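Trainee: So the sequences go chain by chain: Z and E.
Take 1 as the starting number for the first sequence in full-length UniProt numbering and just add one per residue.
Take 1 as the starting number for the second sequence in full-length UniProt numbering and just add one per residue.
Structure incoming, see below.
Number of protein chains: 2
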Amino acid sequence: MSQESLKFKSLLYSSHDSKDCTNVLKVHNYTPNVSADSSIVLRTLAFPINPSDLNQLEGVYPSKPEKVLDYSTEEPSAIAGNEGLFEVVSVPSGVKTLKPGDRVIPLQANFGTWSTYRTCDKESDLIKIEGVDIFTAATIAVNGCTAYQMVNDYIDWDPNGNDWLIQNAGTSSVSKIVTQIAKAKNIKTLSVIRDRENFEEVAESLENKYGATKVISESENGGKEFGKEVIPKVLGPNAQVKLALNSVGGISCANIARKLSYNGLMLTYGGMSKQPLTFPTGLFIFKALRSHGFWVTQNSKDDPENKIKTVNEVVKLYRDGKIISPKEDARTLEWDVKNASDEQVLQLISEGIKTKGGKNIVVLKW
Amino acid sequence: MSQESLKFKSLLYSSHDSKDCTNVLKVHNYTPNVSADSSIVLRTLAFPINPSDLNQLEGVYPSKPEKVLDYSTEEPSAIAGNEGLFEVVSVPSGVKTLKPGDRVIPLQANFGTWSTYRTCDKESDLIKIEGVDIFTAATIAVNGCTAYQMVNDYIDWDPNGNDWLIQNAGTSSVSKIVTQIAKAKNIKTLSVIRDRENFEEVAESLENKYGATKVISESENGGKEFGKEVIPKVLGPNAQVKLALNSVGGISCANIARKLSYNGLMLTYGGMSKQPLTFPTGLFIFKALRSHGFWVTQNSKDDPENKIKTVNEVVKLYRDGKIISPKEDARTLEWDVKNASDEQVLQLISEGIKTKGGKNIVVLKW
Numbered sequence: 001m002s003q004e005s006l007k008f009k010s011l012l013y014s015s016h017d018s019k020d021c022t023n024v025l026k027v028h029n030y031t032p033n034v035s036a037d038s039s040i041v042l043r044t045l046a047f048p049i050n051p052s053d054l055n056q057l058e059g060v061y062p063s064k065p066e067k068v069l070d071y072s073t074e075e076p077s078a079i080a081g082n083e084g085l086f087e088v089v090s091v092p093s094g095v096k097t098l099k100p101g102d103r104v105i106p107l108q109a110n111f112g113t114w115s116t117y118r119t120c121d122k123e124s125d126l127i128k129i130e131g132v133d134i135f136t137a138a139t140i141a142v143n144g145c146t147a148y149q150m151v152n153d154y155i156d157w158d159p160n161g162n163d164w165l166i167q168n169a170g171t172s173s174v175s176k177i178v179t180q181i182a183k184a185k186n187i188k189t190l191s192v193i194r195d196r197e198n199f200e201e202v203a204e205s206l207e208n209k210y211g212a213t214k215v216i217s218e219s220e221n222g223g224k225e226f227g228k229e230v231i232p233k234v235l236g237p238n239a240q241v242k243l244a245l246n247s248v249g250g251i252s253c254a255n256i257a258r259k260l261s262y263n264g265l266m267l268t269y270g271g272m273s274k275q276p277l278t279f280p281t282g283l284f285i286f287k288a289l290r291s292h293g294f295w296v297t298q299n300s301k302d303d304p305e306n307k308i309k310t311v312n313e314v315v316k317l318y319r320d321g322k323i324i325s326p327k328e329d330a331r332t333l334e335w336d337v338k339n340a341s342d343e344q345v346l347q348l349i350s351e352g353i354k355t356k357g358g359k360n361i362v363v364l365k366w
Numbered sequence: 001m002s003q004e005s006l007k008f009k010s011l012l013y014s015s016h017d018s019k020d021c022t023n024v025l026k027v028h029n030y031t032p033n034v035s036a037d038s039s040i041v042l043r044t045l046a047f048p049i050n051p052s053d054l055n056q057l058e059g060v061y062p063s064k065p066e067k068v069l070d071y072s073t074e075e076p077s078a079i080a081g082n083e084g085l086f087e088v089v090s091v092p093s094g095v096k097t098l099k100p101g102d103r104v105i106p107l108q109a110n111f112g113t114w115s116t117y118r119t120c121d122k123e124s125d126l127i128k129i130e131g132v133d134i135f136t137a138a139t140i141a142v143n144g145c146t147a148y149q150m151v152n153d154y155i156d157w158d159p160n161g162n163d164w165l166i167q168n169a170g171t172s173s174v175s176k177i178v179t180q181i182a183k184a185k186n187i188k189t190l191s192v193i194r195d196r197e198n199f200e201e202v203a204e205s206l207e208n209k210y211g212a213t214k215v216i217s218e219s220e221n222g223g224k225e226f227g228k229e230v231i232p233k234v235l236g237p238n239a240q241v242k243l244a245l246n247s248v249g250g251i252s253c254a255n256i257a258r259k260l261s262y263n264g265l266m267l268t269y270g271g272m273s274k275q276p277l278t279f280p281t282g283l284f285i286f287k288a289l290r291s292h293g294f295w296v297t298q299n300s301k302d303d304p305e306n307k308i309k310t311v312n313e314v315v316k317l318y319r320d321g322k323i324i325s326p327k328e329d330a331r332t333l334e335w336d337v338k339n340a341s342d343e344q345v346l347q348l349i350s351e352g353i354k355t356k357g358g359k360n361i362v363v364l365k366w
C-alpha cells in the first residue's frame, strides 16, 4: 500500500477549553507530508477515551504534546489521545522488528491516537503486542501498566506470608486489574467501595470474578469500631498491610492510610473525590507512613525499558489466564471509517467524552 | 561516695490523666535496691520538660517506659522524663569509658530523668558529652538530634548549588537549630512563621541571629500570587527546594509542600495545629512529592550508633561556634535539691508543665 493513497482523518485541537473540551476538537482530513520510505505507517484499531486525554484538552494536564504544523493546519495543532492500538500498514526498509500486520501500541504518552492513521519514525517508539484482544491491547498502557507497576515495583512482598494491600475505588478498572495481579502473586486485597444499595452484589462480583479477598464499604472503612474490631479479624494473624492504593483522596485516603502496617507505603494515582489528601499527623511520625505518588506517564519517560517489560509481563498474565479485562465497565463506540461523516465522528467522540463514570473505547471499523 | 548514703528523690507516675497530667505525678523518696558495685550512679544536673514527656504522662504517646517496682512503691511506677544531663558520681570496676565527674546523657528515650539521682547498668546506655553548656547538653538529644538528622540524613545536598529547605513553625527551637545547621552546610532556609504584630522584628532576629535566608508569614505562605511571583524571586535562579520540614499540619503543611521542587521530600515531626495534614493530590502524582515522618526516638532505637554520631556532630557544631542554643525561648526553673520540700518540687514541675508556649528547663542546684 503506498502512503500517497492514504487520506488521514484526525481529531485535532489547537486551543483548550477547561469547561467543555468538546469545543476545541476538530475533525481534520489531510495527506501527511511524510514519506512511507522513511516512516512506519499505522492504521488505528481502537483507542480509549481516558480522563487524562480530557484533562489535556482542557489544558489542565501537566503532560502534553507539542502543537505542530505537520497536519496541514493553519494553527499549530496536536492530535488528541495518548493511548491506542494500531496495526502496521507498511514499514520502510531497515525496520527489523516490525512487519505489516503486526499490532503495536505507543511506547510513550502524547502519541496522538484519535486518528484513522498515524505515522511513526522510529520502531523503538512502538511496542509490539500479541495474543490479547483489541480491548485489552488498547488499554494496557495506562490501566494495565499502572496496576502492574503499583503492585510489583514498590514492595518487597512475602509470597508465603499474610501480606495485604488496601485500595479505595475498588470497582475501578485499575482496581480490578490490581486485584487480579495481587492474587497471582499471593497478595491479599482489601478493596473499599462506595456505599450503595446493591453493595452485596457488587462485593460478591469483586470477590468471585476478580479475586478480591475482602470488600468493605467506605462507611465501614471510616468506622472506628469496625477498624478496631472487624478489620483485624479480616486480616488474620501476622498480617502485614504493606501497600495502600489511593485514587480518591479526602477522608477515604486517611481511612485506608490508617490500616497500613508500620512503615507502609501509600501510592496516590488519582483524586476522584477532588478533595485534597488528608492524613492524621501521627501516622507519619509514629507509624512511619510513607506517602508517594504514582504516574505511569512519567515512569515510562524515566524508564522506557521498564515500560516495555511491564507491557510484556501484563500480556503474559492475560495469556496465562491470570487476569481478565474488566470489560463490563466499558462502552464500545464504533467508528465506521468508510461511511461516517466528519460530523458523525465528532458526535461519536463527544458522546464518549460526555459519558462520565464509564470507560469509553472507540473501535474503528475498517 | 557510697551509694548506701544516697537518698533518691524522683517524680513518679503509676497511672495517666489525659486532661491534667500533673494529677498523676508524685514526688517519691527512696533508697534504690541496686548496688554501686554493679551500677553507674548518676547525679542529675538538668532536664527539659518536653511535649513528649507530657504526652507520656497523659497516656497518649506511643513510646513509654515500663512501670516497675524498683523504686519501693506499692504500684508499678515509672520515673517521668526522657531527656536530661547527668554527672557521673561513681562507676563500678570494669567501666572503662566513664569516670566520676564525666557528664552524660541517656542514649535512648524512656530513661526517667526527672529525679535527683539515677542508676544505670551499662555504660553503653550513656553518651559522654563535653564542651557544651548545661542547657545545650540537656536538650541536645531531642531538639539538637532532630534538627541535625532531618537536615543531614535524607537529602543529597549540593553545597555549590542553590539548594533550599522550607520549614513552618520557624520560631521553634528545632527550627532555629535547623536554620543554623543548614547554614553551616550552605543550604538556604525559607522559614514560615505565624502572622504577628512584630513580624518584622521576629523575622529580622531569625535572619540575623540564626541565619535564616528568608522569613515569610503564614499568610504569605498561603498567598497564591505571593507564591507565584515573590517566591521564585526569593529563591533565585536554579533553586532546588529539596526538603520541607513540617511541625504544624493543616493548611500550612499544604502550603510548604507546594513550594517543594520536583521529587522533594516533606518530613513531618510535629503537629502543633492539631489539624490533619492536607496535600493537593497533584503534588504527589505530578510533582513526585514524598511525604514521610521523622521521630528521633524511633531512629535512636533503630540505629543507636547513628544517635551517638549525631550527638557528637552536633556537639562539634556548637564547639566550632556554628550553632548557638535558642535560649531566649527557654525558662529556667531551679530545683534546690538541699532545701526544697517535696511540695515545692511538685509545685515547680507543675508550673513548668502548665506554662505552654515556651520551653521549660529544670536545673538542679546541688
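Beta carbons: idealized from backbone N, C-alpha and C, even for Gly.
On a predicted model such as this, the values are computed, not experimentally measured, just so you know.
(1) How should G271(E) be labelled, buried or exposed, when 16 other C-beta atoms within 10 angstroms of its C-beta is the threshold for buried?
(2) So, for residue 373(Z): in the same chain, excluding its five sequence neighbours on each side, which residues have a beta-carbon less than 6 Å away from its beta-carbon?
(3) Can you tell me whether K307(E) sits near the ligand ADP, meaning its C-beta is under 7 Å from at least one heavy atom of the ligand?
(4) Please name the residue or residues paired with residue 433(E) in a DSSP beta bridge.
(5) For a contact meaning CB atoms closer than 9 Å, what does H28(Z) contact in chain E?
(6) So W295(Z) contacts chain E; which residues on that side make the cut at Cβ distance below 7 Å?
(7) My parser needs the beta strand (DSSP E) runs of 3 or more residues fully inside the region 199-252 of chain E; what are they?
(8) Per DSSP, what kind of secondary structure is S72(Z) in: helix, strand or coil?
(9) Give a yes or no on contact between the region 271-285 of chain Z and the region 254-272 of chain E, applying the rule of three or more CB pairs nearer than 8 Å.
(10) Since A169(E) and V248(E) should fall inside the 8 Å C-beta cutoff, what is the C-beta to C-beta distance between them, to a whole number of angstroms?
(11) Can you check the region 266-350 of chain Z for any beta strand (DSSP E) of at least 3 residues that lies completely inside it and give the ranges in chain order?
(12) Do we get a CB-CB distance below 8 Å when we pair Y269(Z) with the residues of chain E?
(13) Got a sec? Which residues, its chain only, sit under 6 Å from C253(E) by beta carbon, not counting five neighbours each side?
(14) Assuming L42(E) and L364(E) are in contact, meaning their beta carbons sit under 8 Å apart, how far apart are those beta carbons, in whole angstroms?
(15) Helix, strand or coil for P159(Z)? Go by DSSP, reduced to three states.
(16) I need the straight-line Cα distance from D17(E) to V68(E), nearest angstrom please.
(17) Note the first and the last residue of the continuous beta strand (DSSP E) segment covering V363(Z).
(18) Under three-state DSSP, which class holds L57(E)?
(19) Taking 8 Å as the CB-CB limit, is A254(Z) close to chain E?
(20) Roughly how many angstroms lie between the CA atoms of S219(E) and L346(Z), to the nearest whole one?
(21) Shorter than 8 Å from the beta carbon of H292(E) to some beta carbon of chain Z?
(22) Mind checking G101(E): buried by the 16 CB within 10 Å criterion, or exposed?
(23) Compute the Euclidean distance between the alpha carbons of N55(Z) and L54(E), then round it to the nearest angstrom.
(24) Starting from G227(Z), find everything on chain B with Cβ-Cβ shorter than 7 Å and list it in chain order.
(25) Specify the secondary structure class of Q108(E) as computed by DSSP and reduced to three states.
(26) In the structure shown, what three-state DSSP assignment does T189(Z) receive?
(27) Say whether the region 109-128 of chain Z touches the region 25-41 of chain Z, bearing in mind that this needs 3 or more beta-carbon pairs closer than 8 Å, one atom from each stretch.
(28) Helix, strand or coil: which one does DSSP assign to N29(E)?
(29) Let me see if you follow: with CB-CB separation under 8 Å, is L277(E) close to chain Z or not?
(30) Using the Cα positions of Q3(E) and L165(Z), report the straight-line distance between them to the nearest angstrom.
(31) Look up S115(E) in the DSSP assignment and say whether it is helix, strand or coil.
(32) Apart from the five residues just before and just after N143(E), which ones in its own chain have a Cβ nearer than 7 Å to its Cβ?
(33) Report, in whole angstroms, the separation of the C-beta atoms of P92(E) and A36(E), which I expect to be a contact under 8 Å.
(34) What does the Cβ neighbour count give for W366(E), buried or exposed, with the cut at 16 atoms within 10 Å?
(35) Note down, in chain order, every chain Z residue with its Cβ under 7 Å from the Cβ of G223(E).
(36) Taking 8 Å as the cut-off, decide whether the C-beta atoms of N110(E) and S63(E) are in contact.
Mentor: With the structure as the only source:
(1) buried
(2) Beyond the ends of chain Z as shown, which are 1 and 366, falls residue 373(Z); an answer cannot be given.
(3) In terms of ligand content, the structure shown is empty, and the ligand ADP therefore cannot be addressed.
(4) With chain E covering only 1 through 366, there is no way to say anything about residue 433(E).
(5) Result: empty, since nearest Cβ-Cβ is about 30 Å, beyond 9 Å.
(6) I285 and F286
(7) 214-217 and 240-246
(8) coil
(9) yes
(10) 5 Å
(11) 275-279, 290-293 and 330-336
(12) yes
(13) N246 and L277
(14) Not quite, the Cβ-Cβ distance comes to about 12 Å (not below 8 Å), so this is no contact.
(15) coil
(16) 19 Å
(17) K359 to K365
(18) helix
(19) yes
(20) 47 Å
(21) yes
(22) exposed
(23) 49 Å
(24) Among the chains of the structure shown, chain B does not appear; the protein chains present are Z and E.
(25) coil
(26) strand
(27) yes
(28) strand
(29) yes
(30) Confidence is the limiting factor: at Q3(E) the pLDDT is only 48, short of 50, which leaves the residue's position unreliable and the question unanswerable from this model.
(31) strand
(32) S173, V174 and I177
(33) 7 Å
(34) exposed
(35) Within 7 Å Cβ-Cβ: nothing; G223(E) doesn't reach chain Z, min ~18 Å.
(36) yes
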